[in-house]
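Numbering-wise, my numbering comes out as the position in the sequence shown, counting from 1, plus 5. Ideal placement from N, C-alpha and C gives every residue a C-beta, glycine not left out. For clarity, every value in this text was computed on a predicted model and none was experimentally measured. The block underneath contains the structure these notes are about, expressed in C-alpha cells.
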Amino acid sequence: MLLRFLLVASVLATMTPARADDQLYLGSLKPEFFVVSNGDKSTVVTMGVAQEIEKQSLDVLGPNAPWIIPEPSWSTADEIAARCAHDPNALGGIVIIYYHGYATHFFLLWQSETTTLDVSASVISCNRTADNHVAPTLVGMIGPLPNAQHTPWVVKRTQISIPLLTIAGYASTITKNNNAAVLATILAATSSRDIPGYSDPDRLRAIAQHLGVDVVDGLQAVCATTNDVPAGVSIAPRTKLCGSLGLR
6 MLLRFLLVAS VLATMTPARA DDQLYLGSLK PEFFVVSNGD KSTVVTMGVA QEIEKQSLDV
66 LGPNAPWIIP EPSWSTADEI AARCAHDPNA LGGIVIIYYH GYATHFFLLW QSETTTLDVS
126 ASVISCNRTA DNHVAPTLVG MIGPLPNAQH TPWVVKRTQI SIPLLTIAGY ASTITKNNNA
186 AVLATILAAT SSRDIPGYSD PDRLRAIAQH LGVDVVDGLQ AVCATTNDVP AGVSIAPRTK
246 LCGSLGLR
C-alpha cells in the first residue's frame, strides 16, 4: 500500500498543472489598440479618448487604420500585456490614470458646478517581432502636455446656472403688490430650481472629448520625440507603434 501511494505521488508530482492563462482569448480581423482608463466606472472617459484617437488614425490611414477599442472594464497595463501575448493583432494600448474632482460654488446671483480631472497616461507597445515574439514595453509617458511648460495636465468643465430663487427674489423687490403669502409660495416653489440647470452627463462627455484631443496631442509629441531615452536604447517599439496608429 505504501509503495502504491509513493508511486501515485511521484506521478502527480511530474504532471504539469493547468495554467490560469490556458483560456480562449478573443481574436480580431485587423490590428487593435486598446484604451484603458483606470477607475472609469462610467465608461465615458474611455470611450471619449478612443473616439479621438480613432479620428486621427482614420484621417491618416483610412481603411488601414487599426481598431481603437475602449476597455472600461480593464484597469491596468497587465490586461494589455495579456492581450499582447495571446492576440497576434494586438498593437498595444494606453492607460489613462486620473483623479476626478467635483465642486459647487455659490455666488450672490448665480452658482456653478465644476468637474475636474487631473490626468497622466502611459503608452504601451506589444513590441512584437517578425516571429511573433512579444515583449510588452512602456514606450512613452504623457504627463504635462506639449507646450504646457511642465504644468500639471488638468481638464475642467464648468456649468453656470442662475437659481430661480434669485429671480423670484429680484421680482419681489420690483413688484408693487408685495403679497406675503404669494411671495412665500413663489419662493418655496423655486428654491430647488435653476436656469438652465446642470447635467453631469453633459459635463463628462465634454471632458472626455477634450481629454481625447489632449491624448492625441500627447501621443503625437511622444511619437515625435527621439532624445528622451538613454544612449543605446532603441526606440524602435515606439516608432513602430506610432506608424501603426498614423501618428508619426
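Euclidean distance between Cα positions of residue i and residue j
{"i": "VAL234", "j": "ILE240", "result": "8 Å"}
{"i": "GLY148", "j": "VAL218", "result": "14 Å"}
{"i": "GLU59", "j": "PRO68", "result": "11 Å"}
{"i": "VAL238", "j": "VAL65", "result": "28 Å"}
{"i": "LYS35", "j": "LEU224", "result": "21 Å"}
{"i": "LEU122", "j": "ALA211", "result": "12 Å"}
{"i": "GLN116", "j": "LEU216", "result": "25 Å"}
{"i": "ALA236", "j": "GLN61", "result": "31 Å"}
{"i": "VAL41", "j": "ARG88", "result": "13 Å"}
{"i": "LEU96", "j": "ASN232", "result": "23 Å"}
{"i": "PRO77", "j": "GLU84", "result": "11 Å"}
{"i": "ALA86", "j": "VAL160", "result": "28 Å"}
Whole-number beta carbon distance between residue j and residue i, since they are thought to touch under 8 Å
{"i": "ALA153", "j": "GLY53", "result": "Not a contact, Cβ separation roughly 20 Å."}
{"i": "TRP72", "j": "VAL124", "result": "With a Cβ gap of about 24 Å, TRP72 and VAL124 do not count as contacting."}
Candidates the options: closest to residue i by CA position
{"i": "THR142", "options": "SER127, THR230, ASP92, GLN28", "result": "SER127"}
{"i": "ILE165", "options": "THR120, THR134, ASP92", "result": "THR120"}
{"i": "ALA90", "options": "SER78, PRO75, ASP136", "result": "ASP136"}
{"i": "ARG162", "options": "HIS155, GLY106, THR156", "result": "GLY106"}
{"i": "SER33", "options": "LEU209, ALA87, ASN94", "result": "ASN94"}
{"i": "ALA151", "options": "CYS247, VAL221, ASN232", "result": "Inspection of the sequence shows that residue 151 is occupied by Pro rather than by Ala. Ranking the options by Cα distance to PRO151, first place goes to VAL221."}
{"i": "VAL227", "options": "ILE129, SER117, THR81", "result": "ILE129"}
{"i": "CYS131", "options": "MET146, GLY98, THR156, TYR104", "result": "GLY98"}
{"i": "ARG208", "options": "VAL49, GLN28, VAL100, ASN43", "result": "VAL49"}
{"i": "GLU118", "options": "PRO206, CYS247, LEU250", "result": "PRO206"}
{"i": "GLU104", "options": "PHE39, ASN43, GLY248", "result": "First, the amino acid is wrong: residue 104 is Tyr here, not Glu. Checking every option, the nearest Cα to that of TYR104 belongs to ASN43."}
Neighbour-count burial assignment, residue i, 16 or more Cβ in a 10 Å radius
{"i": "TYR30", "result": "exposed"}
{"i": "ALA82", "result": "buried"}
{"i": "ALA229", "result": "exposed"}
Practice task
Run through the region 53-108 for me and flag every whole beta strand (DSSP E) of 3 or more residues, listed as ranges in chain order.
Solution key: 72-75
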